[in-house]
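There are 2 protein chains.
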Amino acid sequence: MSFSPLVDRLMESLRVLPGVGPKTAQRMAMHLLERDRDGGRRLAEVLGVALEAVGYCRRCRTLTEEDVCALCNSPRRDDSVLCVVESPADQLAIEEAGGYRGRYFVLHGHLSPLDGIGPEDIGLDQLEALVAGSEAAEGGIEEVILATNPTVEGEATAHYIAARLASRGVKLSRLAYGVPMGGELEYVDGGTLSHAFNGRLPFQGD
Amino acid sequence: MSFSPLVDRLMESLRVLPGVGPKTAQRMAMHLLERDRDGGRRLAEVLGVALEAVGYCRRCRTLTEEDVCALCNSPRRDDSVLCVVESPADQLAIEEAGGYRGRYFVLHGHLSPLDGIGPEDIGLDQLEALVAGSEAAEGGIEEVILATNPTVEGEATAHYIAARLASRGVKLSRLAYGVPMGGELEYVDGGTLSHAFNGRLPFQGD
Ligand SMILES: [Zn+2]
Ligand SMILES: [Zn+2]
Numbered sequence: 021m022s023f024s025p026l027v028d029r030l031m032e033s034l035r036v037l038p039g040v041g042p043k044t045a046q047r048m049a050m051h052l053l054e055r056d057r058d059g060g061r062r063l064a065e066v067l068g069v070a071l072e073a074v075g076y077c078r079r080c081r082t083l084t085e086e087d088v089c090a091l092c093n094s095p096r097r098d099d100s101v102l103c104v105v106e107s108p109a110d111q112l113a114i115e116e117a118g119g120y121r122g123r124y125f126v127l128h129g130h131l132s133p134l135d136g137i138g139p140e141d142i143g144l145d146q147l148e149a150l151v152a153g154s155e156a157a158e159g160g161i162e163e164v165i166l167a168t169n170p171t172v173e174g175e176a177t178a179h180y181i182a183a184r185l186a187s188r189g190v191k192l193s194r195l196a197y198g199v200p201m202g203g204e205l206e207y208v209d210g211g212t213l214s215h216a217f218n219g220r221l222p223f224q225g226d
Numbered sequence: 021m022s023f024s025p026l027v028d029r030l031m032e033s034l035r036v037l038p039g040v041g042p043k044t045a046q047r048m049a050m051h052l053l054e055r056d057r058d059g060g061r062r063l064a065e066v067l068g069v070a071l072e073a074v075g076y077c078r079r080c081r082t083l084t085e086e087d088v089c090a091l092c093n094s095p096r097r098d099d100s101v102l103c104v105v106e107s108p109a110d111q112l113a114i115e116e117a118g119g120y121r122g123r124y125f126v127l128h129g130h131l132s133p134l135d136g137i138g139p140e141d142i143g144l145d146q147l148e149a150l151v152a153g154s155e156a157a158e159g160g161i162e163e164v165i166l167a168t169n170p171t172v173e174g175e176a177t178a179h180y181i182a183a184r185l186a187s188r189g190v191k192l193s194r195l196a197y198g199v200p201m202g203g204e205l206e207y208v209d210g211g212t213l214s215h216a217f218n219g220r221l222p223f224q225g226d
């Protein structure tokens, strides 16, 4: 026996959520059906709308339902510094740490040849064009901070980007190793992140 | 700073799920937007449809998108025994334990005067009518098993139901105390449940 076909399908669908196994999916389905149908309806609607409307910012590639995101549109940010991160969650962690006033570029991942994820998949053509385009301009990008995760893949991606941008007239830097090796920026506390930001070093290729 | 308004709304909506705090909601939203949009779309659709279509079985009140559920419709179940449970999850746990071949009645909760949950809210008028209606019929209900949770509220609800049905010509029984006191049926292992079912005792009021 199981629940009715539609209730079973609901439990199965809930398992797309990270960390949700069969028992948790059942508890979630029962909670929504038995105790919070209004909340469930709101979730269904917002999820549908968000997946339809949320795309990448045309300039920095962060997640946004606008053509250009609020941060890229803000006149109060410093155009001379560009911080390259792997994910919107990393970007948020840096913003919440405070202190950084420049712009961002979001890769949505890192280079991973074995998974077929190459430079164009993480927007590196767009990043190079952005840096190249600013060379000619007044008040262009002077420094690119390679704030990829301090993991093997993140480091490799930073080195690759550094090589691509080496011929451009920009300073390349990396976050200071206040951030723990092998960790993910998203889970680093604000104080450590802020410290690592201030202590950032010139980028040195191998 | 936060994410874009729509992404923030998605994270907020995900918090209707039990056990999902701000950090988990963020991880879920990022997973759906960054890595599994198809899964997310399916979830939005199934959730919307399920909340619209899934209601209570007209006969036993379990969750179903049909007028009468598959178990009530099955000709292979024993009409002479009716098992009263608090939730569809409890019903499923008993079915998965195996051995029970009768019918069910689902309360969707228990009596809770302080929360304003009275007999009519948990379907007791319908339960009484079901038992009364079968008195006249050939092959009607002979035994009602009060399988509410072994908690204070579950016990109180069982006693109340027993009093309501006392004048009807049915045997009333309760699960044997193989089930741990203070626990919830849903989380009891199949072997214990099955044992408790076989060892069920005549119901004794106070
Ligand atoms: Zn942007
Ligand atoms: Zn039914």
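Chains A and B are the protein sequences, given in the same order. Each residue of the first sequence is one higher than the one before, counting from 21 in our numbering. Each residue of the second sequence is one higher than the one before, counting from 21 in our numbering. Note that beta-carbon positions come from the ideal geometry of N, C-alpha and C, so glycine has one too. Because the structure is a prediction, the values reported are computed rather than measured.
One alpha carbon belongs to A167/B, the other to A113/B, and they sit about 12 Å apart. By alpha-carbon distance to E155/B, the top candidate from E206/B, D99/B, I165/B is D99/B. V101/A: not part of any alpha helix (DSSP H); member of the beta strand (DSSP E) spanning 98-105, first to last residue.
Going by C-alpha positions, R81/A is about 6 Å away from F125/A.
For T84/B, the pairing in a beta bridge is given by DSSP as G75/B. Every unbroken stretch of the beta strand (DSSP E) spanning 3 or more residues and falling wholly within the stretch 142-182 of chain B is given here in chain order: 163-166. In this structure, the alpha-carbon of L213/B lies about 15 Å from that of G122/B. Relative to V164/A, the option among E175/A, R188/A, M48/A, I142/A whose CA is nearest is R188/A.
Closest option to E175/B, judged by alpha-carbon separation, among A157/B, G143/B, R194/B, P108/B: R194/B. Interface flag for C89/A against chain B is set, since a Cβ pair is found closer than 8 Å.
Beta-bridge partners assigned by DSSP to K43/A: none are found.
Shown here is that no member of the stretch 135-168 of chain B has a Cβ falling below 9 Å from a Cβ of chain A. Rounded to the nearest angstrom, the Cβ distance from L83/B to V27/A is 6 Å, consistent with a contact under 8 Å. Exclusion of R96/A from the 7 Å shell around ligand 1 follows from its C-beta lying no nearer than that to any non-hydrogen atom of the ligand. For the pair C92/B and R55/B, the Cα-to-Cα distance works out to about 41 Å. Distance from I161/A to L102/A at the Cβ level is roughly 5 Å; contact confirmed, criterion being Cβ atoms closer than 8 Å. Linking A157/A to F217/A through their CA atoms gives a straight-line distance of about 26 Å.
Inter-residue distance for R184/B and E148/B is about 8 Å (C-alpha atoms, whole angstroms). Remark: the shortest separation between the CB of C103/B and any heavy atom of ligand 1 does not fall under 7 Å. With a threshold of 8 Å between beta carbons, S214/A makes no contact with chain B.
In the DSSP assignment, the residues bridged to Y124/A are C103/A.
Between the alpha carbons of G202/A and E173/A lies a distance of about 10 Å.
Between D56/B and chain A, the shortest Cβ-Cβ separation is below 8 Å. Sequence-distant partners of Q46/A (beyond 5 residues in either direction) whose C-beta falls short of 6 Å from its own C-beta, in its chain, are M31.
Pairing R220/B with D110/B, the inter-Cα distance amounts to about 16 Å.
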